[in-house]
Amino acid sequence: MLHTCSRPQRRKAVPVTSTVSTTGEHSAAGAGSSRRNHPLVTVVILCFGGMVAALMQSLVIPIQPELPQLLNTSQANASWVITATLLAAAVAMPIGGRLADMIGKRRVLVLSAALLVAGSLACALSDGLVLMLVGRMLQGLAMAFIPVGISMMREVTPPSMTATAVAAMSATLGVGGAIGLPLSAWIAQTYDWHMLFWVSTVLAALILAAVLFVLPDGAPGVGGRIDVVGSIGLAVGLVATLVAVTKGNDWGWASGSTLGLLVGGLVVLLAWGFYELRHRDPLVDLRTSARPRVLITNIATVTIGFGMMAMMLCVPQIMEFPTATGFGLGKSMLEAGLWMMPGGIMMMIFAPVSSILIRRIGPSVTLAIGAFVVAAGYVLAYLLMDAAWKLSIASIVGTVGVAIAYAAMPTIIMSAVPQNETGAAIGLNALMRSLGTTICSAVAAAIISAKSVTVAGHVIPTAGAFETIFVVAAAAAIVAAVIALLIPKPKAEADTQA
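One point on numbering: in numbering that gives the first Met the number 0, the residue at position 133 of the sequence shown is 132, and numbering is uninterrupted.
Here is the structure:
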């Protein structure tokens, strides 16, 4: 039976004023922690864990065309190997964040790392679709490591380090994908495909050991019971909606399956929202999420996620298409990944720059600057499609903008919610980012489908398809910048800048 009468004082346990400010000030780091180490060690562990969790997103891209043969299944079924990870991650991030607030963030990090080990091992041992899907779903659930790790930064770092630590942890999403693509391409070309997952198993085991034996405890959880009905409702609504969005181009946007799942998912999410508003201990406090500073940031996050994904989708394809297409650059997947890698590395390098901007001009303006830089990257990509090194420069510019924006978003969220709701709030923000990337994938697929031609019996996109995607992504980034400028400043920041 669902417990609905949790401690009524929990929501008032920590006022908003005790949270991270826009200048990085917060309560004493590591309050309630029984295990101590240098904060830099903690930051490195969390960032490495986030990078490996993010790497799972791009791990199977090099072997995606061969998955039907490798798993003895159809192309349609094999596509679920990627979709399963996406769906599991979307569900895990908000639920994992709420659980972290309740029982402590380190415990959820241990659970996430253990799921990553189990999922990687299952994939390494698989030769069929079922075990592979199980493993990929477990790897997706481990993505909760990233938002929980971000929210933990405020507890285990001194004020002078927090902004940079949050920026570095946020950048791991891009760094993991950028490093993962060439690494997985090289492993797949050199060894049996199972080696991809044996490597990820070893990396996950290292993370699990570090979290268990080195990471400090952080602040204790606030207690309470998980909102079971809310968790199920959110999972059902998200899965139905995201399946419709990701499969709409394959099934047809007007098909009964697509429309049924989309409408059904949205109805479930609407009912979930009404239920959460009436629950005394909800999975997601929608009243807190509806505060203008939080709500507008989450809306901007969706458009930033859209803008980030287009670069990762289009640039490798342009590089890998044959030169006979008139726009392709004829690179191998490994070469394309290596050309993309500098962009991911720049995301980590720019973490200190992002934190400086946040401290000096505030996170809202920093978010707007990052979005404008993302738009500039797409303008360059539109103009510089004729050489790999030019596209690499455009990718670097775009990913630098993403790094700046990704650093600002959790900082804004943490300054606007009570400390005992940080995990859930950051998890919801991560979900918004995932929603943006999912929508971008669907839009890009629809544009490519509409702007394709048949050459020698093969359907290939035209150069105009990628140019259109770049224009749409640039527009999305500009919209994100405008939205960011509308984010209200907290009273302390407003008084300082007055």
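C-beta atoms are modelled at their ideal positions from N, C-alpha and C, and glycine is treated no differently.
Where the alpha helix (DSSP H) through residue i begins and ends
i	result
H193	H193 to F212
S256	G255 to R277
I81	W79 to I102
S150	F144 to V155
A289	Counting along the chain, A289 falls outside any alpha helix (DSSP H), and DSSP gives it neither H nor E.
V372	P362 to L382
D216	Run containing D216: none; DSSP gives neither H nor E here.
F47	P38 to S57
V416	Note, V416: premise wrong, no alpha helix (DSSP H); not H, not E.
L237	V227 to W250
I344	M332 to I348
A167	P158 to T189
T467	A462 to L484
R224	Here R224 belongs to no alpha helix (DSSP H), and DSSP marks it neither H nor E.
P64	That residue, P64, is in no alpha helix (DSSP H); it is neither H nor E in DSSP.
G139	L128 to L140
Contact test: residue i Cβ vs the ligand GDP heavy atom, cutoff 7 angstroms
i	result
T200	Among the ligands in the structure shown, none appear at all, so the ligand GDP cannot be discussed.
CB contact flag (residue i, residue j, <8 angstroms)
i	j	result
G176	M311	yes
G426	P219	no
E275	L285	yes
I206	A112	yes
S57	S183	yes
V478	T365	no
L114	L214	no
A406	A166	yes
G304	T398	no
A483	G306	no
G422	R106	no
A143	A91	yes
T41	V210	no
A404	F349	no
C46	M168	yes
I94	L265	no
A441	V244	yes
M507	C439	Residue 507 lies beyond the residue range present for the chain, which begins at 0 and ends at 497; the question has no answer from this structure.
Same chain, Cβ closer than 6 angstroms to residue i, neighbours up to 5 away in sequence not counted
i	result
Q110	A quick correction: the sequence has Leu, not Gln, at residue 110. Answer for L110: no residue qualifies.
P315	A335
K389	L383
T322	G329
G118	G134, L137 and Q138
M151	K104 and G217
L356	T365
A480	A367, A370 and F371
F320	G327
P487	P291 and R292
A99	V107, V147 and G422
L434	V301
Bounding residues of the beta strand (DSSP E) (the contiguous stretch that carries residue i)
i	result
S451	S451 to V454
Residue i - partner residues in DSSP beta bridges
i	result
I411	Answer is none; I411 lacks a bridge partner.
H457	V454
Contacting residues, own chain, Cβ-Cβ under 8 angstroms from residue i (five flanking each side not counted)
i	result
V470	Y377 and Y381
L180	S57, I60, P61, P315, M332, A335, G336, M339 and M340
T200	V116, S119, L120 and A123
S394	M310, V314, W338, M339, P341, G342, G376 and A380
I446	A464, T467, I468 and V471
Same chain only: Cβ atoms within 7 angstroms of residue i, ignoring 5 sequence neighbours per side
i	result
A387	M318, L328, K330 and W338
L354	Residue identity check: residue 354 is Ser in the sequence provided, not Leu. Within the same chain, S354 has close Cβ partners A162, T163, A166 and A406.
G343	G173, V174, G176, A177, I178 and T398
T22	Interpretation of T22 is limited by its pLDDT of 38, a score under 50 that renders its predicted location unreliable; no figure is taken from the coordinates.
R290	A415
L485	I295
A77	L66, P67 and L70
T324	I459
S448	N248
W79	L132
Closer than 8 angstroms to chain D by CB, residue i
i	result
P460	You won't find chain D in this structure, because it holds only one protein chain.
### Query
Is the segment 232-244 in contact with the segment 85-97, if contact means three or more CB pairs nearer than 8 angstroms?
yes
### Message
Tell me whether the segment 136-146 and the segment 50-63 touch, counting them as touching only if at least three CB pairs, one residue from each stretch, are closer than 8 angstroms.
### Response
yes
### Stretch pair the segment 180-199 + the segment 359-378: three plus CB contacts closer than 8 angstroms
no
### Query
Looking at C-beta atoms only, is the number of pairs between the segment 192-207 and the segment 249-265 that lie closer than 8 angstroms three or more?
no
### Query
Would you say the segment 350-363 touches the segment 404-418, given that touching needs at least three Cβ pairs under 8 angstroms?
The segment 350-363 makes contact with the segment 404-418, as at least three CB pairs between them are under 8 angstroms.
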